[in-house]
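Each residue of the sequence shown is one higher than the one before, counting from 1 in our numbering. Have a look at the structure below before the remarks.
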Amino acid sequence: MKKLLFSLACISAFTFSSCEKDSDDAKTNIEILTSHSWKISGANADPALNLLVDGEILTVTDVFLYYDDCNKDNLYTYYTDGNRVMENSIKCDPSESSSTSTTWNFDSTETRLIIISSNKERDYEIELLDDDNLILNYMDNIGGKDYKMTLKYSK
């Protein structure tokens, strides 16, 4: 009887331990970023930014509310070869292309995302990257004032 109980205990321990997710199975930031396309879902400024809206100056932190529809529909796809393609179904200018290609890479710790576009490089701090969300922060100087900009993307 003792042997039977010991055998059952061993089998149970093995079964439960084999069901646990192995930490080696965790996705890398590259795998998460390139697993699907990302659509912008938010943009914030800190401190609040003065925007000219319909002839009136508004002080806002949620700048996404004032994005044109042609910018809200942009879909970003990151490829493992370092290319990034932005596609838009609504064009801001009828003469613009419906897709634009840039390049991207991570820093050595995969905590910063670098986008290279038209020989300009922008460095983004990754606040969050999971299967459903990408949140990027960057500093921008507008009118001589520094702003922390936060961009939110979802799948």
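The beta carbon of each residue, even a glycine, is placed where N, CA and C say it ideally should be.
Practice item. Could you give the DSSP three-state label for K91: helix, strand or coil? Key: coil
Review point. Do the CB positions of A43 and L136 come within less than 8 Å of each other?
Key: no
Check your understanding: According to DSSP, which residues form a beta bridge with L52?
Key -> I57
**Study point:** 7 Å Cβ shell around L4 - same chain, five flanking residues per side excluded
**Key:** Only weak support is given to the placement of L4: the predicted model assigns it a pLDDT of 40, under 50, and the value that follows is read from those uncertain coordinates. Same-chain partners within the cutoff: there are none.
**Study point:** Distance CB(K148)-CB(D46) smaller than 8 Å
**Key:** yes
Review point. For K72, which three-state DSSP category applies?
Key: helix
Exercise for review: Over the uninterrupted alpha helix (DSSP H) stretch that includes E31, give me the two end residues.
Suggested key: N29 to L33
Exercise for review: Going by CA-CA distance only, name the one from K27, H36 and A48 that's closest to I142.
Suggested key: A48
Review point. Nearest to H36 by alpha carbon, out of E87, C92, R122 and Y79?
Key: Y79
**Study point:** Spatial neighbours of T102 in its chain, beta-carbon cut-off 7 Å, leaving aside the 5 residues before and after
**Key:** R84, I115, I116 and S117
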